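What follows is a short report on a single structure.
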Amino acid sequence: MLAPQVLVALGIASALALVRGRQTTVAPKAKFVPLHPTASTSSLQLTLVLPPTNIDGLHTALYDVSDPKSANYRKHLSKAEVEAFVAPKPESVQAVTAWLAQHNIHPEVVSPSGDMLRIDVPVSTANALLAANFTDFKDKDSGTILTRTLSVSIPDDVEQHLQYIYPTTQFVPPLQPNHPPFKVVTPTPGNPTSKRQGFDICSVDVVPQCLEDYYHIPTAPGTASGNSIAVAGYLNEIASEDDLEIFFLAWRPDVTTTPEFNVVSIDGGVTSGDGTLEASLDIQYTVGVATGVPTTLYSVGNPFAQGFIDIVNYLLGLDELPLVLTTSYGFNETDFQGSEDFANTFCNAYAQLGARGTSIFFASGDNGPYSFSFDSECDGTTFGPSFPSGCPFLTSVGATTGYDSGTEVVADFSGGGFSNIFPQPSYQSTAVENYLDALGSTNEGLFNRSGRAYPDVSAQGINYVTRINGTFFLVLGTSASTPVWASVVALLNDALLNAGKPPLGFINPLLYSEGIAALNDVTSGINTGCGALGFPALAGWDAATGLGTPDYDKLLALVTSL
Ligand SMILES: *[C@@H]1O[C@H](CO)[C@@H](O)[C@H](O)[C@H]1NC(C)=O
Ligand SMILES: *[C@@H]1O[C@H](CO)[C@@H](O)[C@H](O)[C@H]1NC(C)=O
Ligand SMILES: *[C@@H]1O[C@H](CO)[C@@H](O)[C@H](O)[C@H]1NC(C)=O
Ligand SMILES: *[C@@H]1O[C@H](CO)[C@@H](O)[C@H](O)[C@H]1NC(C)=O
2 MLAPQVLVAL GIASALALVR GRQTTVAPKA KFVPLHPTAS TSSLQLTLVL
52 PPTNIDGLHT ALYDVSDPKS ANYRKHLSKA EVEAFVAPKP ESVQAVTAWL
102 AQHNIHPEVV SPSGDMLRID VPVSTANALL AANFTDFKDK DSGTILTRTL
152 SVSIPDDVEQ HLQYIYPTTQ FVPPLQPNHP PFKVVTPTPG NPTSKRQGFD
202 ICSVDVVPQC LEDYYHIPTA PGTASGNSIA VAGYLNEIAS EDDLEIFFLA
252 WRPDVTTTPE FNVVSIDGGV TSGDGTLEAS LDIQYTVGVA TGVPTTLYSV
302 GNPFAQGFID IVNYLLGLDE LPLVLTTSYG FNETDFQGSE DFANTFCNAY
352 AQLGARGTSI FFASGDNGPY SFSFDSECDG TTFGPSFPSG CPFLTSVGAT
402 TGYDSGTEVV ADFSGGGFSN IFPQPSYQST AVENYLDALG STNEGLFNRS
452 GRAYPDVSAQ GINYVTRING TFFLVLGTSA STPVWASVVA LLNDALLNAG
502 KPPLGFINPL LYSEGIAALN DVTSGINTGC GALGFPALAG WDAATGLGTP
552 DYDKLLALVT SL
């Protein structure tokens, strides 16, 4: 076999590398325009992902501790037990490190189980190592430059020991500040700083008290030791204690001392500054609803998909995990098609957290059946699901509105649909089958009937009063609904911990079975995206509001009875 270096020198790498080892080639979307080969001296940070020893074992163990009918329900796994499933085999570590050593490269282990190795190399070395041609591509939508290659080759003796290397052929744009999961921001009438006499704020806006009323969420602060919420923050978003304090004065007058929240920086994320929209919303509707539950904003500096992995690796390294993780950011799933191994890394990361007892919430998207973008060039031939809501090991949260009129309806932007990457998990098959039957031929051909269907649940999503850098604004989006579910589960955990019981962990198998009766079914409205109608809300699960919105009292009665 010719050495890859020689092939590159001959300029025929892609033609001959097929002969030996494993070659991956991709044809990215036309919006990625090649500019020029990346400078050979630029430095490239690559993550090498090794195959897990027993990923099916992890999935089985996760379902075993999450199924209310199982004898092992909520007997969550230890750090070491989870790591044993995902750790690479010693021969894989040996093969990969020996291959790198031949090129004088010495990797750093960057995940607690050892399944991820990181190397920092000049582009010339990466090109030689992988028979690659790293090129700077411009994403026409966002203007971001991605350094990627259309082809990588892994030698024969290493291929079975290496799943993939990132970033190489994965054309996933970074999180977009201009397409956040919130839509309209307007100052509230009168810029309220306290409850106005004789005015029912809940008839027009949402503040914590409205959510407490609608969903029977207790006002008493959480008290259990060991309870916690993690809020994932990206794009240098930050919340301020000053804004939180005024928010509490206005909307939680029953709480005398405003709780503090913690900030942890990952990948160099900011830890202080003027409050910004998403982080202020997320902190005010966790700390302001699950008051008393210790809450930490994990501020992740890396806006690329790697940032989503880095926060999980950070958390998996802790002996005591946060019991709830809420994330109001996401990607377009179509960008992960062709990089399914990469997509699975995220989903397996959430499976690891779930197996250890963390409940994970993601916003379902704010463009109905079209993920997160508001002005995307939707081609109308297929819907575009959001990511990672299609992963079966997390709880995806959609949005509703209109409680004051007595009935909640779909908030039209509420993200929902069917994954093209992740198959439908059995816990939701009956619920989804009933929906597909009722749906008939509506949207036929636009979505994947066998895919994992989302969202799982929903909550109010419009006109959240939020204090941002000294001013009250109204915010809408599944971004608003998601921290509410995180708070509900955190308060349920509080009650469980105080009763000496284990926390809820991965809740979907519970929600889709006994849990249905503890939710408010949302049965009217339809989500829309790109100017087209999406999925209607119907009795039972639907692809606009999932199983429905929470009823804390009923959920508490259910979880304490198990
Ligand atoms: C490498 O990519 C550049 C574009 O950046 C292209 O012009 C060149 O032909 C490619 N070289 C090989 C050997 O494929
Ligand atoms: C999703 O794709 C659309 C169309 O390419 C784009 O406008 C939008 O920014 C993308 N959204 C995200 C979150 O990447
Ligand atoms: C539909 O989803 C399944 C996973 O459930 C996937 O294997 C298949 O490729 C998807 N089909 C399309 C057309 O994307
Ligand atoms: C916050 O408000 C101050 C004062 O109004 C202003 O100077 C500053 O630029 C604002 N910060 C952000 C991030 O908008």
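Residue 409 in our numbering sits at position 408 of the sequence shown, and the numbers go up by one each step. Don't be surprised by glycine CBs; every beta carbon is placed ideally from N, CA and C. The structure presented is a predicted model; accordingly, all values stated were derived computationally and were not measured.
Taking the alpha-carbon positions, what's the residue 103 to residue 113 distance? 25 Å
What runs of the beta strand (DSSP E), each 3 residues or longer, lie entirely inside the region 98 to 155? 117 to 123, 136 to 140, 146 to 149, 152 to 155
Are residue 416 and residue 389 closer than 8 Å when you measure CB to CB? no
If we require 3 or more residues per run, which beta strand (DSSP E) segments fall completely within the region 20 to 52? 23 to 26, 33 to 38, 44 to 50
Start and end of the beta strand (DSSP E) containing residue 232? That run of the beta strand (DSSP E) goes 230 to 234.
Given a threshold of 16 other Cβ atoms within 10 Å of its Cβ, counted over all protein chains shown, does residue 79 qualify as buried or as exposed? exposed
Is residue 412 helix, strand or coil by DSSP? coil
Per DSSP, residue 419 is paired with what? 454
Can you find a heavy atom of ligand 3 that lies under 7 Å from the Cβ of residue 446? Incorrect: residue 446 has no Cβ contact closer than 7 Å to ligand 3.
Can you list, in chain order, the residues of its chain with a C-beta nearer than 7 Å to that of residue 275? Leave out the 5 residues immediately preceding and following it. 241, 470
Contact check, residue 282 vs residue 454, beta carbons under 8 Å: Taking 8 Å as the Cβ cut-off, residue 282 and residue 454 do not qualify as a contacting pair.
Exposed or buried, what is residue 553 when buried is set at 16 or more other beta-carbons lying within 10 Å of its beta-carbon? buried
Inter-residue spacing [alpha-carbon to alpha-carbon] between residue 157 and residue 23: So the alpha carbons of these two residues sit roughly 7 Å apart.
Residue 131: which of 141, 110, 165, 137 sits nearest, CA to CA? 165
Tell me whether residue 29, by its Cβ, gets closer than 7 Å to a heavy atom of ligand 1. no
Are residue 337 and residue 173 touching if we call contact CB-CB under 8 Å? For the pair residue 337 and residue 173, the CB atoms are nearer than the 8 Å cut-off.
Tell me whether residue 146 is buried or exposed, calling it buried when 16 or more other Cβ atoms sit within 10 Å of its Cβ. Exposed: under 16 other Cβ atoms inside 10 Å.
Which residues count as close to ligand 6 when the rule is a CB under 5 Å from any of its heavy atoms, in chain order? Although ligand 6 was asked about, the structure shown includes only ligand 1, ligand 2, ligand 3 and ligand 4 as ligands.
Tell me the rounded alpha-carbon separation between residue 258 and residue 538. Their backbone Cα atoms lie some 41 Å apart in a straight line.
State yes or no: is the C-beta of residue 380 nearer than 7 Å to some heavy atom of ligand 2? no
Count the other CB atoms, across all protein chains shown, that sit within 10 Å of the CB of residue 590; report buried if there are 16 or more and exposed otherwise. No answer is possible for residue 590: it lies beyond the span of the chain, which begins at 2 and ends at 563.
Would the beta-carbon of residue 566 fall within 8 Å of that of residue 322? Since the first residue shown for the chain is 2 and the last is 563, residue 566 is missing from the structure and cannot be characterised.
What is the rounded straight-line gap between the Cα of residue 544 and the Cα of residue 268? Within the model, the alpha-carbon separation for residue 544 versus residue 268 is close to 35 Å.
Count the other CB atoms within 10 Å of the CB of residue 37; is the residue buried (16 or more) or exposed (fewer)? Residue 37 sits exposed, since fewer than 16 C-beta atoms from the chains shown fall within 10 Å of its C-beta.
Can you round the beta-carbon distance between residue 81 and residue 115 to whole angstroms, since I take them to be within the 8 Å contact cut? Residue 81 to residue 115, Cβ: 12 Å. No contact.
Using the C-alpha atoms, what's the distance from residue 387 back to residue 531? 14 Å
Just the C-alpha distance for residue 557 and residue 496, rounded to the nearest angstrom, thanks. So the alpha carbons of these two residues sit roughly 8 Å apart.
Strand pairing of residue 332, partner residues [DSSP]: 388
Does residue 221 pass the burial test, meaning 16 or more other C-beta atoms within 10 Å, or should it be called exposed? exposed
Take the Cβ of residue 171 as the centre, count every other Cβ of all protein chains shown within 10 Å, and call the residue buried at 16 or more, exposed below. Flag for residue 171 reads buried.
Note down, in chain order, each residue of its chain lying with its Cβ closer than 6 Å to the Cβ of residue 419, except the 5 sequence neighbours on either side. Correct list, in chain order: 448, 449, 452, 454.
Could you check which residue in 96, 105, 329, 551 has the C-alpha nearest to that of residue 300? 329
Rounded straight-line distance, which links the Cα of residue 492 to that of residue 503: If I take the Cα positions, the gap works out to 13 Å.
Considering only the alpha carbon of each residue, which of 119, 53, 500 lies closest to residue 91? 53
Which class does residue 299 belong to by DSSP, given the choice of helix, strand or coil? strand
Check whether the Cβ of residue 35 sits closer than 7 Å to any heavy atom of ligand 1, and report yes or no. Flag set: Cβ of residue 35 near ligand 1.
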